[in-house]
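Asker: If you use our numbering, the sequence shown corresponds to residues 4 to 223, in order.
Glycine included, each C-beta is placed from N, C-alpha and C at the ideal position.
In this text, all values refer to a predicted model and were calculated from it rather than measured experimentally.
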Amino acid sequence: MELKFLGHACFLLDDGTCKVLTDPFLTGNALAAADARQVDADFIFVTHGHGDHTGDAEAIARRTGATVCCTVDLAEGVFGPAGVKTQVGNLGGTIAMPFGSAKFFQAIHGSGAAGCLSCGFIFTIGGKKIYHAGDTALMSDMALLADEDIDAALLPIGDVFTMGPADALRAVRMIRPQLVIPMHYDTFPPIVQDAATFAAAVESAGFRARVLHPGESLTL
Ligand code: NI
Ligand code: MN
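(1) Which whole-angstrom value describes the C-beta separation of A202 and P185, a residue pair presumed to lie in contact below a C-beta threshold of 8 Å?
(2) Using CA atoms only, rank isn't needed, just tell me which of V23, M4 and G19 is closest to C13.
(3) Please name the residue, chosen from T89, H51 and G58, that lies closest to G115 on a Cα-to-Cα basis.
(4) So, with DSSP's three-state summary, where would you put P3?
(5) Going by DSSP, what residues sit across from Y188 in a beta bridge?
(6) Going by DSSP, what residue range makes up the beta strand (DSSP E) through V91?
(7) Look up G123 in the DSSP assignment and say whether it is helix, strand or coil.
(8) Can you tell which of A35, D55, G68 and V49 has its C-alpha closest to the C-alpha of D43?
(9) Tell me V183's beta-bridge partners as DSSP assigns them.
(10) On the DSSP letters alone, give me the boundaries of the alpha helix (DSSP H) that F201 sits inside.
(11) Per the contact definition of three or more C-beta pairs closer than 8 Å, is the segment 157 to 170 in contact with the segment 180 to 195?
(12) Are G137 and G123 touching if we call contact CB-CB under 7 Å?
(13) Cβ of R179 within 7 Å of Cβ of A204?
(14) Starting from G103 and walking both ways along the beta strand (DSSP E), at which residues does that stretch end?
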């Protein structure tokens with residue numbers, strides 16, 4: 004299972020048979036490590052309707068034929084009308100996927116689309132469980148994730164629009180993942196953070212952390 008960070012909240016998960024892309028904000032992101040006209044995907048998971056998450060999802064889906072996976076409301080409001088294939092779920096639900104499954108987990112954040120809730124995803128892929136938190140504040144619900152045996156937690160640390168490093172560390176203590184990877188920072192001036200300092204704090208708390216620069220990948 005290869006996990007590649009493409010910048011902001013965009014990751015490419017590849018189990019060797021399926022390419023799963025998350026929140027593909029590439030065009031307009033100066034730090035993005037991929038060109039939206041070239042990135043490949045079978046499925047594109049979108050956590051909510053803000054532009055730094057929907058990003059190039061529609062264009063990539065149109066070019067590659069990938070299915071956009073999102074909440075019912077986001078599909079009805081944004082991706083359905085755009086004419087791309089969608090697969091939907093909603094908070095608390097799990098959808099079966101060719102690569103395994105994806106569970107919609109709550110997030111506390113605006114949605115950017117009418118009637119829509121923001122979410123995160125728990126992917127089961129390649130025998131691993133990966134929690135992509137989306138944009139969210141710290142919430143006590145994250146303690147529920149301790150029972151999920153998360154292998155890798157992708158957590159926003161940018162502050163201002165999501166939790167910052169201190170709250171993300173509190174999230175780590177609740178989630179208890181095998182590995183923490185920070186995301187959603189440095190893309191814009193208000194969310195510049197010292198990811199290395201965050202990673203060191205996570206390690207001091209007894210958990211593993213890895214800072215991935217855009218374009219870097221690791222094998223889980
Ligand atoms: Ni947002
Ligand atoms: Mn965002």
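Answerer: For this structure:
(1) If you number the sequence shown from 1, residue 202 lands on position 199. If you number the sequence shown from 1, residue 185 lands on position 182. Yes, A202 and P185 are in contact; Cβ-Cβ is about 7 Å, under 8 Å.
(2) The count along the sequence shown starts at 1 and reaches residue 13 at position 10. The shortest Cα separation from C13 among V23, M4 and G19 belongs to V23.
(3) The count along the sequence shown starts at 1 and reaches residue 115 at position 112. With distances taken between Cα atoms, G115 lies closest to H51.
(4) Lying before the first or after the last residue shown, residue 3 is absent from the chain, which here runs from 4 to 223.
(5) To locate residue 188, count along the sequence shown from 1; it is residue 185. Note: Y188 sits in no beta bridge, so no partner.
(6) The residue you call residue 91 lines up with position 88 of the sequence shown. That run of the beta strand (DSSP E) goes T89 to G92.
(7) For the purposes of this step, residue 123 is identified with residue 120 of the sequence shown, where counting begins at 1. Here G123 sits in strand by DSSP.
(8) Taking the first residue of the sequence shown as position 1, residue 43 is located at position 40. That would be G68, whose Cα lies nearest to the Cα of D43.
(9) Working through the sequence shown from its first residue, we reach residue 183 at position 180. Note: V183 sits in a beta bridge opposite A156 and A212.
(10) If you number the sequence shown from 1, residue 201 lands on position 198. Per DSSP, F201 belongs to the alpha helix (DSSP H) from A198 to S207.
(11) yes
(12) Here residue 137 refers to the residue found at position 134 when the sequence shown is read from its first residue. Here residue 123 refers to the residue found at position 120 when the sequence shown is read from its first residue. Yes, they are a contact pair.
(13) Here residue 179 refers to the residue found at position 176 of the sequence shown. Here residue 204 refers to the residue found at position 201 of the sequence shown. Result no, Cβ atoms of R179 and A204 do not sit closer than 7 Å.
(14) If you number the sequence shown from 1, residue 103 lands on position 100. Unbroken beta strand (DSSP E) run through G103: G103 to Q109.
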